[in-house]
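A.B. asks: First, the structure itself, so that you have it in front of you.
Protein chains: 2
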Amino acid sequence: MLVRIDPDSPAPLHAQISAAVRRGIAVGEIAPGERLPGARDLAAALGVNLHTVLRGYQELRAEGLVELRRGRGAQVRTDAAPAVAALRQAVHALVGEARRLGLSATEVTEMVREAMA
Amino acid sequence: MLVRIDPDSPAPLHAQISAAVRRGIAVGEIAPGERLPGARDLAAALGVNLHTVLRGYQELRAEGLVELRRGRGAQVRTDAAPAVAALRQAVHALVGEARRLGLSATEVTEMVREAMA
DNA sequence: AACTTGTTCTAGTCTGCATAGAACAGTTAG
DNA sequence: CTAACTGTTCTATGCAGACTAGAACAAGTT
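Protein sequence lines, in the order shown, are assigned to chains G and R. The opening position of the first sequence corresponds to residue 1 in full-length UniProt numbering, with each subsequent residue numbered one higher. The opening position of the second sequence corresponds to residue 1 in full-length UniProt numbering, with each subsequent residue numbered one higher.
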């Protein structure tokens, strides 16, 4: 599992970290049940603070993609199927673009509903 | 042309302003060639600083959506084609992925609705 | 029991956001 | 031409979030 970070990016480091893992799951680089690198290890590898990595991991947990337990580390949930992760990413991209355009939730969902019909 | 702002949103005010105008152009509320409200007026109407509005306007200029000139104000460029193309692309990608997974329209729209919240 | 790993807490620095006021330079209207 | 309007530029200040840092703690593994 490879996580790359761009310190010059306007995107927060923790967001970059969670995005990298998210993508890894979506593309299949990371298998369900697989353990992510320890927060302290990854932090050292990226030249970043422990708390920054932890925050990224906790974002993934909030999305239901990984489980975090002391002593065991971060583990990709078995029900976090790659396809689902891919879908989640597609939703993410759409929502991001919609936000950029300032569209409301109903406007976007209406577009999706039409496209699905 | 209506511009609404949420001071409690994590999104910067200048981004919210540019997004509102962007949306107006995308949806057709604002016609090409139309003049946007003066920065000082809009700032007063929104209870926001002049510089904040100006920054939003300048973002739109950087995207080639509007022209800014002293004395004349902000004008929507006639060739400001709806940037909705990117949005439609995102919708297309999402729908394709959702179909591949056999998800229903309501399931997908619900995911989008959640992600937009 | 020793070690690992996430959790929580406090605290400090730094950057971007937003505000504020002023002076300036094209543009338009009277 | 003059006056009013509008974006441009400059300096300065307060604030919140991001990131770092160090420490102590709790649950799990070996």
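For every residue, glycine included, the Cβ atom is placed at its ideal position computed from N, Cα and C.
Quick check: the segment 45-64 of chain G against the segment 8-23 of chain G, are there 3 or more CB pairs under 8 Å?
C.D. replies: The segment 45-64 of chain G vs the segment 8-23 of chain G: in contact.
A.B. asks: Between which residues of its own chain and VAL108 (chain R) is the CB-CB distance below 6 Å, once the five residues before and five after are set aside?
C.D. replies: Cβ neighbours of VAL108 (chain R) beyond the five flanking positions: ALA98.
A.B. asks: Would you mind reading off the limits of the beta strand (DSSP E) that contains LEU68 (chain R)?
C.D. replies: Counting along the chain, the beta strand (DSSP E) containing LEU68 (chain R) begins and ends at 66-69.
A.B. asks: If the cut is a Cβ gap below 8 Å, which residues of chain G does ARG113 (chain R) touch?
C.D. replies: Chain G residues near ARG113 (chain R): ALA105 and THR109.
A.B. asks: Would you check if the segment 67-81 of chain G and the segment 28-36 of chain G touch, i.e. whether three or more CB-CB distances between them fall below 8 Å?
C.D. replies: These segments touch.
A.B. asks: What does the alpha-carbon distance come out to for the pair SER9 (chain G) and LEU46 (chain G)?
C.D. replies: Looking at the two C-alpha atoms, the distance is approximately 15 Å.
A.B. asks: Counting only C-beta atoms, is GLY64 (chain R) closer than 9 Å to chain G at any point?
C.D. replies: Answer no: the Cβ-Cβ gap between GLY64 (chain R) and chain G never drops below 9 Å.
A.B. asks: If you draw a straight line from the alpha carbon of ILE5 (chain R) to that of LEU42 (chain R), how long is it in whole angstroms?
C.D. replies: Going by the C-alpha atoms only, they are around 11 Å apart.
A.B. asks: Decide if SER104 (chain R) is buried, meaning its Cβ has at least 16 other Cβ atoms within 10 Å, or exposed.
C.D. replies: SER104 (chain R) is exposed by the Cβ-count criterion.
A.B. asks: Going by alpha carbons, who is nearest to GLY28 (chain G) out of G:LEU87, G:ALA11 and G:MET116?
C.D. replies: Comparing Cα positions, the closest option is G:LEU87.
A.B. asks: Identify whether VAL3 (chain G) lies in helix, strand or coil by the three-state DSSP scheme.
C.D. replies: Of the three classes helix, strand and coil, the one that applies to VAL3 (chain G) here is coil, per DSSP.
A.B. asks: How about GLY56 (chain G) and ILE17 (chain G): are their beta carbons less than 9 Å apart?
C.D. replies: In contact: GLY56 (chain G) and ILE17 (chain G) (Cβ atoms closer than 9 Å).
A.B. asks: What does ARG100 (chain G) touch in chain R if you count any residue whose Cβ is under 8 Å from its own?
C.D. replies: ALA19 and ARG22, listed in chain order.
A.B. asks: Can you give me the C-alpha to C-alpha distance between HIS92 (chain G) and ARG40 (chain R), rounded to a whole angstrom?
C.D. replies: In a straight line, the C-alpha of HIS92 (chain G) is about 35 Å away from that of ARG40 (chain R).
A.B. asks: Check the DSSP bridge columns for ALA74 (chain R) and list the partner residues they point to.
C.D. replies: DSSP, once it has assigned bridges, lists R:LEU68 as partnering ALA74 (chain R).
A.B. asks: Alpha carbon to alpha carbon, what distance is there between GLY64 (chain G) and MET111 (chain R)?
C.D. replies: Going by the C-alpha atoms only, they are around 13 Å apart.
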